[in-house]
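To start, the structure under review is shown below, and the notes come after it.
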Amino acid sequence: MDQQRLREWEHQCIQEEAPWCQAECPLHVDVRGFIRFAGRNQWADARKILDKTQPLAGILGRICDHPCEDRCKRREAGGAISIGALERAVVTRAASRLKVKPLPGRGKRVMVTGGGLSSLTVAWDLARKGYDVRIATSRDRLGGNLLDMDPALLPAEVIAEETDVLKGLHVGVLLKTPLDPETFAGLRQDSDAVYIGMDGGGVPDPGLEFAAVPPSMATPQEGVYAGGFPREDGRSSPIWNAAEGRFAATSIDRFLQNVSPTAGREKEGPYETRLYTSIYGIAPSSQVAPADPEAGYTDDEAVAEARRCLQCECLECVKICPYLEHFRSYPRQYARQIYNNAAIVKGERKANILVNTCSYCRLCETVCPEDFSMADLCRGARSEMISADRMPPSAHEFALDDMAFSNSPACSLARHAPGRTAGTHLFFPGCQLGASSPSHVERVYDYLRGRLGGDVGLMLRCCGAPADWAGRQDLFESNLGTIRTLWEGLGRPAAVLACTSCLDVFRRHLPDIAAVSLWEVMVDRGLPDDAFLKPTDPVAVADPCTARRDGHVQAAVRELLGRMGVAVDELHLAGSLTECCGYGGLMSNANPAVAREVIRRRAGQSPRDYLAYCVMCRDHLAAAGKRAVHLLDLIWPPDPDPASRRDPGYTLRHENRTRLKERLLKTLWEEATDPQPDFETIPLAVSPELRERLEGRRILDEDLRRVIHAANTSRAGRFRDPATGRFLACHRPRKVTFWVEYTPSEDGGYTLHNAYCHRMEIEGAASDARETDAAEKGDARP
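Add 108 to a position in the sequence shown, counting from 1, and you land on the number used in my numbering.
Now the structure itself:
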């Protein structure tokens, strides 16, 4: 990712856009910030926020005419926040602690006429920048038309206190100065620039033209600027007077530095913010009216009113995604972290876990008003990390090994229907259906051969999604090439897919293969004639995230349920808003803790039994303790209560794939299979507690058997504890070293006590030269 692309990513996230009140304010006061502190009864902190943006906040905070209130988002749910009244509450409760020191002198003099708020703002801004500022007023003190305001609203002593601050900035004050044309000419000649405050009696000659246009506020006379004009309705606006003074101060500064007066000033004054804030679920709340309007808010009243503030922000993606919430920030910041992460040549790369945890579910993109996709950001980052050899091998290796196993000769298959040499269709169940529920692969294949004319071939293997998710485009493209070659060898049949992830891969990366969902085929060709299992209560449909944009598949599933008489209680987050189960993007491999939180929240959306049509969604829900069925569990019930079926776990998934191929070859194609290797027959006794540990550590029974077999065969890497009689052995069958603590049992098996793994090599320990080949084609005979 280069700097330009980073800027594009950052711009796409609108979280840091100003709220409507701040964007509408001509001075862009941080309304949200000062109200947040006011709601906590922290008046000094609220005053600090005002002092950062408002010139002479003690004055302006009391008299601001608050045009921001008209754009307050809270007005859509009970009434706008009383921002002006809260400003007054803040400045009357907390004195300014702002310590201002001018910059070194610039050697330029600016003359300011009039003592109103716009003129005071010009003096305030320019004196802080080091300019020699003089204010000329015809009155006997500074303040201009501020002096004519109701003292109850703006006491004279407040004006005096605030304007005294200017003395600390070395601002010269010329009182009782007649502002006639002759005097003005002298002041102009003695200065490098002049500002005319229209709101404070600073006009030297009503006959002269002093019209000015925001934001430059320049008059037709070079070096002369004006502001403090009345609004279109003729009234004087304090906030606009201050704003026009600030605009003019910026223009004078640029004029004296001989730089562009207009460049980069598009957002001076009110502008349209891009921020989005949802008010969904926000309870209406009316404005808090002060008991004594003349006295203003009491502390309790001000706090209550401030707490009505929505603290507008977007965070739509963070609100809905446990992954984004987990890292305690938002996409704009994540883009910066990922950019910095990629830029590090040496040292710790802290964003690796952030990059590898994304599930690619695209829910963030769906809810984002600007379509920001963390999936695309993280996918690109993973690919770049792999290209630069910076991807930690542990992040995705288990999933890639699992994919390779699915595509190995032990599990993969590509055949025409039994007794056929050609076919019109091909059933591609995906690697996970056979791993979780192999009997359903057999039932579906039998159904398709009956409903589609018998000319239905079968392909058992992985679509390659894990390699795509891991950023391993080499493995992914190789796997796609193998699928295409096998498909062409089978006569280019139309593909029927049971997995929405596979369907997504086929449609995006194998567009020449006509692909359709199994559920759409069932809607078209009818449900099987078997007796269905009809739950007594409605079920909640858990749409898989890979079907988020596939309304046809979603509709087909609900059509089938309707035909079966199954009532549906829709989840709030369903259809296009459905959540991931934690499997997508290899989240559960890279960050199991976040994946557990994802599925926990997913499972907690409804007390109903869930119905899934992605097998990984069903199994992850089951692992989280949620009663869940797969749609095929209702069509071909494996037992009377399939919702209680447990997650099979990694070991059984491996065994199921192997046994599925063996059984299909034997029953359909009447072929014998190769005998199992010796180590696969070793009996193991594993307690439920240890089984849970092994699942969390991604250790398969196959790995354990290999360790014991290697220890028995070579004796290398094996130790015995004479006190307990237990053996501890290690073996490195691939890029991981496994340790197993076990005891031989009398029946020839082994009782396991513990197992763990690491990436260090143990010198002298047994190891296999076998390396997994993800491109293995398996059994591809026609």
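Glycine included, C-beta positions come from ideal geometry on N, C-alpha and C.
Exercise. Under three-state DSSP, which class holds Thr644?
Worked result: Here the question's residue 644 lines up with position 536 in the sequence shown. Coil, per DSSP.
Exercise. Helix, strand or coil: which one does DSSP assign to Val475?
Worked result: Position 367 of the sequence shown, counted from the start, is the residue given in the question as residue 475. Here Val475 sits in helix by DSSP.
Exercise. How many Å lie between Ala202 and Pro163 at the Cα?
Worked result: Residue 202 sits at position 94 when you count from the first residue of the sequence shown. Residue 163 sits at position 55 when you count from the first residue of the sequence shown. When rounded, the distance between both Cα atoms is 16 Å.
Problem set entry | Sub-8 Å separation of Glu897 and Asn862 beta-carbons | There is simply no residue 897 to check, as the chain begins at 109 and stops at 890 in what is shown.
Exercise. Where do the N-terminal and C-terminal ends of the alpha helix (DSSP H) with Trp627 fall, by residue?
Worked result: Indexing the sequence shown from 1 puts residue 627 at position 519. Segment 626-633, the alpha helix (DSSP H) holding Trp627.
Problem set entry | DSSP three-state assignment for Asp240, whether helix, strand or coil | Your numbering for residue 240 matches position 132 in the sequence shown. In the structure shown, Asp240 sits in a strand (DSSP, three-state: E or B).
Problem set entry | Run of the beta strand (DSSP E) containing Cys486, from where it starts to where it stops | Residue mapping note: residue 486 aligns to position 378 of the sequence shown, counting from 1. Unbroken run through Cys486 is the alpha helix (DSSP H), 482-495; no beta strand (DSSP E).
Problem set entry | Cβ neighbour criterion (16 or more within 10 Å) applied to Asn366 | To locate residue 366, count along the sequence shown from 1; it is residue 258. Exposed.
Exercise. Any idea if Pro785 is buried or exposed, counting beta-carbon neighbours within 10 angstroms, 16 or more meaning buried?
Worked result: The residue labelled residue 785 in the question sits at position 677 within the sequence shown. Exposed, because fewer than 16 other Cβ atoms sit within 10 Å of the Cβ of Pro785.
Problem set entry | Stretch pair the segment 173-189 + the segment 413-425: three plus CB contacts closer than 8 Å | yes
Exercise. Is the segment 551-566 touching the segment 508-520 in the sense that three or more CB pairs, one from each, lie closer than 8 Å?
Worked result: no
For this session: Measure the alpha-carbon distance for Asp747 versus Ala698 and round it to whole angstroms.
Result: For the purposes of this step, residue 747 is identified with residue 639 of the sequence shown, where counting begins at 1. For the purposes of this step, residue 698 is identified with residue 590 of the sequence shown, where counting begins at 1. Straight-line Cα distance between these residues: approximately 34 Å.
Problem set entry | Whole-angstrom distance between Ala131 and Glu116, CA atom to CA atom | Counted from its first residue, the sequence shown places residue 116 at position 8. Counted from its first residue, the sequence shown places residue 131 at position 23. Taking the straight line from one Cα to the other gives about 22 Å.
For this session: Could you name the residues that DSSP lists as bridge partners for Ala231?
Result: Residue mapping note: residue 231 aligns to position 123 of the sequence shown, counting from 1. For Ala231, which the question treats as bridged, DSSP gives no partner whatsoever.
Problem set entry | Contact check, Ala350 vs Met325, beta carbons under 8 Å | For the purposes of this step, residue 350 is taken as residue 242 along the sequence shown, with counting starting at 1. For the purposes of this step, residue 325 is taken as residue 217 along the sequence shown, with counting starting at 1. Not a contact, by the Cβ cut-off of 8 Å.
Exercise. According to the neighbour-count rule (16 or more other Cβ atoms, all chains shown, within 10 Å of its Cβ), is Ala703 buried or exposed?
Worked result: Locating residue 703 in the sequence shown gives position 595, where the first residue counts as 1. With 16 or more Cβ atoms within 10 Å of its Cβ, Ala703 is classed as buried.
Problem set entry | Burial state of Tyr405 (16 or more Cβ within 10 Å) | What you label residue 405 is simply residue 297 of the sequence shown in a count that begins at 1. It counts as buried.
Exercise. The alpha helix (DSSP H) spanning Trp117 covers which residue range?
Worked result: One-based indexing of the sequence shown puts residue 117 at position 9. Counting along the chain, the alpha helix (DSSP H) containing Trp117 begins and ends at 111-120.
Exercise. Anyone know if the C-beta pair for Leu287 and Ala334 falls short of 8 Å?
Worked result: Position 179 of the sequence shown, counting from 1, holds the residue named residue 287. Position 226 of the sequence shown, counting from 1, holds the residue named residue 334. Cβ atoms of Leu287 and Ala334: not closer than 8 Å.
Problem set entry | Beta-carbon separation (whole angstroms), Asp716 vs Ala648, contact threshold 8 Å | In the sequence shown, residue 716 corresponds to position 608, counting from 1. In the sequence shown, residue 648 corresponds to position 540, counting from 1. According to the sequence as given, residue 716 is Arg; it is not Asp. About 4 Å; that satisfies the 8 Å criterion.
Problem set entry | Reduced DSSP category for Asp576 - H, G, I as helix; E, B as strand; rest coil | For the purposes of this step, residue 576 is taken as the residue at position 468 of the sequence shown. Looking at Asp576 - three-state DSSP - the assignment turns out to be helix.
Problem set entry | Under 8 Å between C-beta atoms of Gly353 and Ser491 | Start at 1 with the first residue of the sequence shown, and residue 353 comes out as number 245. Start at 1 with the first residue of the sequence shown, and residue 491 comes out as number 383. In this structure, Ser491 does not lie closer than 8 Å to Gly353 by Cβ.
For this session: Please state whether DSSP places Cys466 in a helix, a strand or coil.
Result: In the sequence shown, the residue the question calls residue 466 occupies position 358. In the structure shown, Cys466 sits in coil (DSSP, three-state: anything other than H, G, I, E or B).
For this session: Kindly indicate which residue of Ser514, Ile143, Leu798, Asp576 has the alpha-carbon position closest to the one of Leu768.
Result: Within the sequence shown, the letter at position 660 stands for residue 768. Of Ser514, Ile143, Leu798, Asp576, the residue nearest in Cα terms is Ser514.
Exercise. Roughly how many whole angstroms lie between the Cα atoms of Arg242 and Lys209?
Worked result: Reading the sequence shown from its first residue, position 134 is the one you call residue 242. Reading the sequence shown from its first residue, position 101 is the one you call residue 209. The straight-line gap from Cα to Cα measures roughly 17 Å.
Exercise. Just to confirm, are Ala414 and Leu194 a CB contact at a threshold of 8 Å?
Worked result: Residue numbering aside, residue 414 sits at position 306 when the sequence shown is read from its first letter. Residue numbering aside, residue 194 sits at position 86 when the sequence shown is read from its first letter. Yes; because the gap between Cβ atoms is below 8 Å, this pair is in contact.
Exercise. Excluding five sequence neighbours on each side, which residues of the same chain lie with their C-beta closer than 6 Å to the C-beta of Ser190?
Worked result: Here residue 190 corresponds to residue number 82 of the sequence shown, with the count starting at 1. Correct list, in chain order: Gln395, Glu413.
Exercise. Roughly how many angstroms lie between the CA atoms of Gln892 and Leu681, to the nearest whole one?
Worked result: Residue 892 cannot be examined here, being either before or after the span of the chain that is shown, 109 to 890.
For this session: Would you kindly work out how many angstroms separate the C-alpha atoms of Ser544 and Gly565, rounded to a whole number?
Result: Taking the first residue of the sequence shown as 1, we reach residue 544 at position 436. Taking the first residue of the sequence shown as 1, we reach residue 565 at position 457. In a straight line, the C-alpha of Ser544 is about 21 Å away from that of Gly565.
Problem set entry | Whole alpha helix (DSSP H) elements within the segment 286-338, 4-residue minimum | 289-297
Exercise. How about Leu94 and Phe535: do their beta carbons lie closer than 8 Å?
Worked result: Absent from the model: residue 94. The displayed extent of the chain is 109 to 890, so no value can be given.
For this session: Take Arg656 as the anchor and find which of Ala512, Val844, Ser609 has the nearest alpha-carbon.
Result: Position 548 of the sequence shown holds residue 656. Of Ala512, Val844, Ser609, the residue nearest in Cα terms is Ser609.
Exercise. What number of angstroms, rounded off, separates the C-alpha of Leu808 from the C-alpha of Arg826?
Worked result: Reading the sequence shown from its first residue, position 700 is the one you call residue 808. Reading the sequence shown from its first residue, position 718 is the one you call residue 826. Near 19 Å, if we compare the C-alpha coordinates of Arg826 and Leu808.
Problem set entry | Exposure of His866, with buried meaning 16 or more beta-carbon neighbours within 10 Å | Stepping through the sequence shown from its first residue, residue 866 is reached at position 758. Its Cβ having fewer than 16 others within 10 Å, His866 is exposed.
For this session: Per DSSP, which residues does Leu605 bridge with? Please list them.
Result: Locating residue 605 in the sequence shown gives position 497, where the first residue counts as 1. Answer is Phe536, Ser625.
Exercise. With respect to the alpha helix (DSSP H) encompassing Ala350, which residues constitute its N-terminal and C-terminal limits?
Worked result: Indexing the sequence shown from 1 puts residue 350 at position 242. Counted as a single uninterrupted DSSP element, the alpha helix (DSSP H) harbouring Ala350 occupies residues 346-365.
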